[in-house]
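Written out below as structure tokens is the structure these notes cover.
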Amino acid sequence: AKKNKPMLLLTGAATLNEVKQAVRAIEEVSTVDIAIMHSVLAYPTEYKDANLAMIKDLAQSFPDYEIGYSDHTKPDLNMFVLTTAYNYGAGIIEKHFTLDKSLPGNDHNHSMDPEDVMIFKTNIGFLSQISGMKNKQPLICESSSKRESRRSIVLIQDIKKGEKITADLIAFKRPGTGIAPAKINEVIGKTALVDISKDTLIDFDMIG
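Okay, here's the thing in structure tokens:
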């Protein structure tokens, strides 16, 4: 920390309080950037022990810090472990890399190879594509379906010009291109300015 170089703080086998103590100790001697990495101190890590949900706990406990994941599981066929870690908020991924998993040594068999990297890259691109906008709002692709699936105010029987529209004459039917049901109070009590047939979508030009 005293060298003022960015740090990856791995949290394997540590309690949350121990992680907090480590962060405070670093902050006392340096203003260096710290990335807090979820990790499991087991080589290789079994899938059932990955506990990726801890990434969310770290993010909640350290909202001002970058959160990452140091992975020691064997790469699964579809790279679900790393993809899930990324989706849970790991902005930094640390994993061993090898060109050949069959090479001797303790690390090669649980390392990524070039094919794994490409699968993970594809997954991240797909996640970015489907994540879309954060704030809830209608989408352009929903416009047509929205018009067809929502309801509008109609009458359950024919009425003549000059007749008053009462609540018992009103129904709601598709499509949603007429007066919305939420505006029912703006219709009740109004007078028909023209003859209105049953099930016709009412427009404000028809009533007054």
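Okay, so the sequence shown: first residue is 52 according to the working numbering, each after it adds one. Positions of the beta carbon are idealized from the N, C-alpha and C atoms, including for glycine. Since the structure is predicted, the reported quantities are computational estimates derived from the model, not experimental observations.
{"Asked": "A222 in three-state terms, based on DSSP", "Found": "strand"}
{"Asked": "Cβ pair S248, L206 closer than 9 Å", "Found": "yes"}
{"Asked": "Local conformation of S248 per DSSP, three classes", "Found": "coil"}
{"Asked": "I118 - DSSP class collapsed to helix/strand/coil", "Found": "strand"}
{"Asked": "Cβ separation of D167 and P114, assumed to be a contact under 8 Å, to the nearest whole Å", "Found": "Between P114 and D167 the Cβ distance is about 31 Å, and since that is not below 8 Å, they are no contact."}
{"Asked": "Exposure of Y98, with buried meaning 16 or more beta-carbon neighbours within 10 Å", "Found": "exposed"}
{"Asked": "C-alpha distance - H159 paired with N55, whole-angstrom precision", "Found": "32 Å"}
{"Asked": "Cβ-based neighbour list, N157, same chain, cut-off 8 Å, excluding 5 preceding and 5 following", "Found": "Y94"}
{"Asked": "Residue from S81, R225, T149 and G259 with nearest C-alpha to K197", "Found": "R225"}
{"Asked": "In DSSP terms, what L61 is bridged to", "Found": "M88"}
{"Asked": "Alpha helix (DSSP H) segments (min. 4 residues) lying fully within the region 142-185", "Found": "165-182"}
{"Asked": "Where L128 sits in the DSSP three-state scheme", "Found": "coil"}
{"Asked": "Short Cβ contact (9 Å threshold) for I87 with E117", "Found": "yes"}
{"Asked": "Supposed close pair V238, I221 - CB separation, criterion 8 Å", "Found": "7 Å"}
{"Asked": "Closest by C-alpha distance to T228, when choosing among P57, E199, V80 and S90", "Found": "E199"}
{"Asked": "Same chain only: Cβ atoms within 7 Å of F148, ignoring 5 sequence neighbours per side", "Found": "S162 and M163"}
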